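Notes follow the structure.
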Amino acid sequence: SPDQHDITSFFSQR
Amino acid sequence: MFEARLVQGSLLKKVLESIKDLVTDANFDCSNNGFALQAMDSSHVSLVALLLRSDGFEHYRCDRNMTMGMNLSNMSKMLKCAGNEDIITMKADDTGDVVTFMFESPDQDKISDFELKLMDIDSEHLGIPDTEYAATVKMPSSEFMRICRDLSSIGDTVTISVSKDGVKFSTTGDIGQANITCRQNTSVDKEEQTIIELQEPVTLTFALRYLNSFTKATPLAPTVQLQMSKELPVVVQYLIADMGYVRYYLAPKIED
Numbered sequence: 037s038p039d040q041h042d043i044t045s046f047f048s049q050r
Numbered sequence: 003m004f005e006a007r008l009v010q011g012s013l014l015k016k017v018l019e020s021i022k023d024l025v026t027d028a029n030f031d032c033s034n035n036g037f038a039l040q041a042m043d044s045s046h047v048s049l050v051a052l053l054l055r056s057d058g059f060e061h062y063r064c065d066r067n068m069t070m071g072m073n074l075s076n077m078s079k080m081l082k083c084a085g086n087e088d089i090i091t092m093k094a095d096d097t098g099d100v101v102t103f104m105f106e107s108p109d110q111d112k113i114s115d116f117e118l119k120l121m122d123i124d125s126e127h128l129g130i131p132d133t134e135y136a137a138t139v140k141m142p143s144s145e146f147m148r149i150c151r152d153l154s155s156i157g158d159t160v161t162i163s164v165s166k167d168g169v170k171f172s173t174t175g176d177i178g179q180a181n182i183t184c185r186q187n188t189s190v191d192k193e194e195q196t197i198i199e200l201q202e203p204v205t206l207t208f209a210l211r212y213l214n215s216f217t218k219a220t221p222l223a224p225t226v227q228l229q230m231s232k233e234l235p236v237v238v239q240y241l242i243a244d245m246g247y248v249r250y251y252l253a254p255k256i257e258d
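See below:
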């Protein structure tokens with residue numbers, strides 16, 4: 037939902 | 003080949019129950035370190051990380067690192083066929099496209115094997131840094147489950163505020179609002195304690211739907227640990243005695 041952060045935005049891609 | 007024998011097979015059944023509602027398909031990573039998983043829910047709002055360390059198994063052999071992709075609902079169907087007292091062994095060949103679950107009854111008078119087809123799953127692996135959190139709350143896992151369940155009958159989100167006085171869970175809905183405060187309490191048995199370690203007060207808001215899903219891990223551990231920092235995902239951790247952990251990460255709601 038638009039009021040919810042995406043969890044991937046907090047962690048680095050490996 | 004990969005082979006892992008767990009005398010307390012019910013643990014694996016509980017682990018699967020703790021993740022299968024959140025994640026549909028997932029890659030299990032087998033290495034000398036243990037049996038691990040990192041997966042996101044389909045909306046990419048939460049992430050679950052599981053580790054069952056190799057030294058927690060009665061027998062563990064992993065000749066080379068392997069990734070086993072499984073549909074968790076199908077894996078759960080098979081593990082539900084194991085008795086709660088059964089010993090469970092997982093086996094897979096290096097090149098195989100199946101994993102075998104073997105169940106032995108405690109008296110060794112019934113042996114079953116279930117073969118689950120593996121699948122190729124395209125999944126992102128995220129690097130999760132070790133972070134110092136502003137607030138850490140340890141509390142009885144059953145209490146946390148109760149609070150999440152109770153508040154979700156009132157509202158869709160919960161605001162968690164940690165201060166030196168305690169941890170406050172608040173929600174608002176069409177019918178009204180609710181606040182539940184748990185104060186630090188170290189005078190009771192260890193498993194009943196609420197302990198707050200605070201660098202600075204922190205307040206974050208989360209979707210209750212996900213927190214309720216995390217509480218499926220309650221049978222794995224008597225206590226749960228919440229770690230929070232401003233504008234970061236909360237970490238909800240259940241330690242699995244002598245074996246490892248299930249950790250959930252949930253992104254906060256975006257403040258208005």
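Chains W and F are the protein sequences, given in the same order. Heads up, the numbering used here is the position in the first sequence plus 36, with the first residue counted as 1. Heads up, the numbering used here is the position in the second sequence plus 2, with the first residue counted as 1. Note that CB positions come from ideal geometry on N, CA and C, so glycine has one too. Remember, it's a predicted structure, so these values are computed and weren't measured experimentally.
Every unbroken stretch of the beta strand (DSSP E) spanning 3 or more residues and falling wholly within the region 104 to 134 of chain F is given here in chain order: 113 to 119. Counting only runs of 3 or more residues that sit fully inside the region 143 to 231 of chain F, the beta strand (DSSP E) segments are 159 to 165, 168 to 175, 178 to 185, 197 to 200, 204 to 209, 225 to 230, in chain order.
Bridge partners of A28(F) according to DSSP: M72(F). No residue range can be given for E87(F), since it is assigned to no alpha helix (DSSP H) and is classified by DSSP as neither H nor E.
For F37(F), the pairing in a beta bridge is given by DSSP as C32(F), L54(F). The three-state reading of DSSP puts M3(F) in coil, since its state is none of H, G, I, E or B. Using a C-beta cut-off of 8 Å, the region 111 to 125 of chain F makes no contact with the region 201 to 217 of chain F, since fewer than three inter-stretch Cβ pairs fall below that distance. Burial check for V100(F): the Cβ neighbour count within 10 Å stays below 16, so the residue is exposed. Inter-residue distance for Q229(F) and A137(F) is about 6 Å (C-alpha atoms, whole angstroms). Ranked by Cα distance from I149(F), the first of R211(F), R66(F), P131(F) is R211(F). The criterion of a C-beta distance shorter than 8 Å is satisfied by T91(F) and A6(F). For M77(F), same chain residues with a beta-carbon under 7 Å away, outside a window of 5 residues either side, are L18, L118 in chain order. Boundaries of the beta strand (DSSP E) harbouring L241(F): 236 to 242, taken from the DSSP string. The C-alpha of D39(W) lies about 45 Å from the C-alpha of D65(F).
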